[in-house]
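Before any comments, here is the structure.
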DNA sequence: GTGTAACATTAGAATGTTCTTATCTTACAA
DNA sequence: TTGTAAGATAAGAACATTCTAATGTTACAC
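This is the structure in structure tokens:
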């Protein structure tokens, strides 16, 4: 993976990587919300919500439409945001491998062993 | 989303959120690697790779099997790691909404309007 | 124009992460 | 048992993120 690409992707993931921002994204996934809606739900200050929304906006994960004095925030990359949130909420069992398993994998994969089962 | 759950998920995402760690995960996805293999590929010191591997191990994203003096590292939650890396490499167009679109969505969704097309 | 509700911005202290340098452990071969 | 290759750990400086407190902006009703 190219270092520049890796950097860019890490920056994107960093925008997700905060409890409050995950909660904001999860809430916005249900529908458009303005800042005061979020104040009612999240145990943090308005200023702090605004700051986190700025981070999310810079990462192009959310955007807003102005409605008078209100700002209607929405998720601007639904498949990305939904994909990440869904992955996080799914169960992912931790696997373990022994040296022997690894050796067998190494022996099998390089030549795509045709003999076993095929 | 429960704040404790949000915290836990943010911690998990933080383990992904570093260029070097993404590169390590991408490399390990191709197969088991020891630390010196990674030294050859990544433009960082052995110490630094070790430190990043510790972060990944604490997050239960990787583990290793000892082979003499070598440590064979592998991805221990392949679906999670693969899912995140695949999402990142896919193209995710940024959508925009106007206030009018949002108003229409709000009007349609609450009652799951049956009249249009059905 | 004045007041106010909704939201953003700024500055800085507090906190957390990352990298560097030095040191340590372990496995193994001579 | 000495040397060396593989890898981990510790301490701290450098850097980045987060939160708090104060202030700024905008839209609108009166």
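Residue numbers (our numbering), protein chains in the order written: chain C, 1 to 118; chain F, 1 to 118. Cβ coordinates follow ideal geometry from the N, Cα and C atoms, glycine included. Keep in mind that this is a model prediction, so the values were computed, not measured.
Identified DSSP bridge partners for residue i
i	result
residue 62 of chain F	F/75
residue 70 of chain C	C/67
Residue i, buried or exposed, once every other Cβ within 10 Å from all chains shown has been counted against 16
i	result
residue 95 of chain F	exposed
residue 21 of chain F	buried
residue 26 of chain C	buried
residue 50 of chain F	exposed
residue 104 of chain C	exposed
residue 10 of chain F	buried
residue 86 of chain F	exposed
CB of residue i within 8 Å of CB of residue j, strictly
i	j	result
residue 15 of chain C	residue 88 of chain C	no
residue 79 of chain C	residue 92 of chain F	yes
residue 81 of chain F	residue 75 of chain F	yes
Whole-angstrom C-beta distance between residue j and residue i, which should lie under 8 Å
i	j	result
residue 3 of chain F	residue 6 of chain C	Incorrect: roughly 31 Å between the Cβ atoms, too far for contact.
residue 13 of chain C	residue 13 of chain F	6 Å
residue 73 of chain F	residue 45 of chain F	Contact flag wrong, Cβ pair sits at about 17 Å.
residue 65 of chain C	residue 97 of chain F	6 Å
Residue-chain proximity (residue i, chain C), Cβ-Cβ < 8 Å
i	result
residue 49 of chain F	no
residue 9 of chain F	yes
residue 35 of chain F	no
residue 53 of chain F	no
Residue i at chain F interface by Cβ criterion, 8 Å
i	result
residue 77 of chain C	yes
residue 108 of chain C	no
residue 38 of chain C	no
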